[in-house]
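What follows is a short report on a single structure.
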Amino acid sequence: MKAFLRRLAALTAKEFRQMARDPSSIAIGIVLPIVLILIFGYGISLDVRNAPVAIVMERDAPMTREVLAGLEASAWISPRRASSMRDAEAMLQRREVDAILRTGSRFEEDLQQGCASMQLILHGVETTTAQLTEQYVTAALARYAQLRLDRSGAAAQGGSAVLQGRVWFNEASDSTWYLVPGLIVIIMTLVGAFLTALVMAREWERGTLESLFVTPAGRAELLLSKIIPYFLLGLNGLGLCLTAAHWLFHVPMRGPLWLLILCSALYLIVALGMGLFLSAVTRSQFLACQVALIVSFLPTMMLSGFLFDLRSIPAIARIIGNVLPATHYMTMLKTLFLAGVNAGIMLKGCAALTAYAVLFMVLAMHFTRKRLD
């Protein structure tokens, strides 16, 4: 055991010195996380702010203006008056507005009788924007209807029910709170897989590993000496991501920090083990980079629940997504950030990540053989 620890310490010290002399490793472990979280954090948003909506009033009446004033008070809508329906349609075709809201000539009379209606025309090229714009317009008009109901006292006389909604865990209704934890998962996947995949593959290409094959060091010492330095480098990248999430994007952290770091460290071991396995199989920097991109980044982006709810995708894709280690880490991280501690989710996720870590390390040891091909 003492000999094992002595050899491991010597090899790890060598890796630290080699990492210090290699600026690309520092760039992947520290610079890349900051660049990615800034680009994705500020560049990706599922919210639509100041959606331009053309307003067409066939008759300019006081009550009609009062109804439409609710749109001007909304932070999500930017109403624009159009003189006619033809002008509004031209604005929609030029993509100057995302929707047209039209009130008829008898809107005020119908409103007094309780049967008023308005026409909403949406630009359907971007489905997500159209759906959100429709929701914003509906919500703004519903707020006016409720205000008018309260002032008239009709709710008390008629006994109608009023729905009062409340959003748990994301009370700000900000998509950044939802996206930033997922970005950390993607960044940890890229950093972990690429660090060991590229470094090990480069040593296979240069033949520097061959000089270690004649030493008493076994495969376990070789692999652990590769993981330890880059594990610590990856934790530094994680710290930078957490700092950006808190100070730049103001994402709450409702779970304990130590548990979040523990889960992240476990997933980082999985990603590093995956990189070791890929480099041992490919033994080429170019091929290791391409394979790491295909088997780590793309599935994490598309099938881990980062952008799409897994329950809304086809069954086969959902099964693949549920098998990915990134999916378990994604669930744990979003829970810890937004909801707090859920023992069932934490235990299930940690057990799955532990199994994946063992699997990738066993595979890496199997394909890292002390022999020359």
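Position one of the sequence shown corresponds to residue 2 (my numbering), numbered consecutively onward.
Note that the Cβ used here is the ideal one computed from N, Cα and C, for glycine as well.
Since we're looking at a predicted model, the values are computed, not measured.
Given residue i as reference, the closest of the options once Cα atoms are compared
i, options, result
"isoleucine 295", "Phe309, Phe307 and Leu279", "Leu279"
"isoleucine 270", "Gly193, Pro53, Ser176 and Leu364", "Gly193"
"isoleucine 122", "Ala143, Thr134 and Gly115", "Thr134"
"serine 75", "Leu102, Arg103, Thr129 and Arg144", "Arg144"
"isoleucine 101", "His124, Asp111 and Glu110", "His124"
"methionine 366", "Asn51, Pro24, Leu224 and Glu127", "Leu224"
"arginine 60", "Leu236, Glu73, Arg107 and Arg22", "Arg107"
"valine 32", "Ala52, Phe361 and Gly238", "Gly238"
"histidine 247", "Gly219, Lys15 and Phe338", "Phe338"
"leucine 6", "Pro217, Ala28 and Ile45", "Pro217"
"glycine 341", "Asp175, Met86, Leu258 and Ser26", "Leu258"
"glutamate 73", "Ala52, Thr128 and Ser297", "Ala52"
"glutamate 204", "Ile262, Leu236 and Leu277", "Leu277"
Own chain residues within Cβ distance below 6 Å of residue i, not counting five before or after
i, result
"alanine 288", "Contrary to the premise, residue 288 reads as leucine rather than alanine in this sequence. For leucine 288, where only same-chain residues beyond five positions count, there are no Cβ hits under 6 Å."
"valine 363", "none"
Alpha helix (DSSP H) segment containing residue i, residue limits
i, result
"threonine 301", "299-304"
"histidine 1", "A query on residue 1 cannot be resolved here, the shown segment of the chain reaching from 2 to 374 and no further."
"tryptophan 178", "176-207"
"threonine 65", "63-73"
"methionine 266", "Just to set this straight, residue 266 is alanine in the shown sequence, not methionine. Start and end: 258-283."
"leucine 171", "It should be noted that the sequence gives asparagine, not leucine, for residue 171. Per DSSP, asparagine 171 belongs to no alpha helix (DSSP H) and is neither H nor E."
"cysteine 290", "286-293"
"proline 230", "220-248"
"serine 25", "24-27"
"isoleucine 314", "No alpha helix (DSSP H) holds isoleucine 314; DSSP gives it neither H nor E."
"leucine 308", "Premise fails: leucine 308 is in no alpha helix (DSSP H) and is neither H nor E."
"valine 252", "Here valine 252 belongs to no alpha helix (DSSP H), and DSSP marks it neither H nor E."
"methionine 2", "Unbroken run through methionine 2: none, as it is neither H nor E."
Close beta carbons around residue i, own chain, < 7 Å, minus the five adjacent residues each side
i, result
"serine 285", "Ala202 and Glu206"
"lysine 3", "none"
"tyrosine 357", "Val271 and Pro326"
"isoleucine 29", "Val192, Phe195 and Leu196"
"alanine 141", "Gly71, Leu72, Ser75 and Ile78"
Residues near residue i by beta carbon distance below 8 Å, same chain, minus five either side
i, result
"isoleucine 321", "Pro300 and Leu304"
"arginine 50", "Ala76 and Trp77"
"glycine 350", "Cys264, His329, Tyr330, Thr332 and Met333"
"phenylalanine 17", "Pro230"
Beta strand (DSSP E) segment containing residue i, residue limits
i, result
"isoleucine 122", "119-123"
"valine 342", "Segment: none, valine 342 is in no beta strand (DSSP E) and carries neither H nor E."
Sheet register partners of residue i (DSSP bridge)
i, result
"valine 54", "Pro80 and Ala100"
Cβ-based burial, residue i [other Cβ within 10 Å; buried from 16]
i, result
"valine 138", "buried"
"threonine 355", "exposed"
"arginine 82", "exposed"
"leucine 199", "buried"
"valine 252", "buried"
"leucine 233", "exposed"
"isoleucine 394", "Only positions 2 to 374 of the chain appear in the structure, and residue 394 is not among them; the question remains open."
"valine 181", "buried"
"arginine 8", "buried"
"glutamate 172", "exposed"
"isoleucine 228", "buried"
"glutamate 109", "buried"
"glutamate 222", "buried"
"alanine 21", "exposed"
"lysine 15", "exposed"
"tyrosine 43", "exposed"
"serine 46", "exposed"
"serine 161", "Any reading at serine 161 must be qualified, since the residue scores a pLDDT of 44, below 50, and its modelled position is unreliable; no value is offered."
"valine 359", "exposed"
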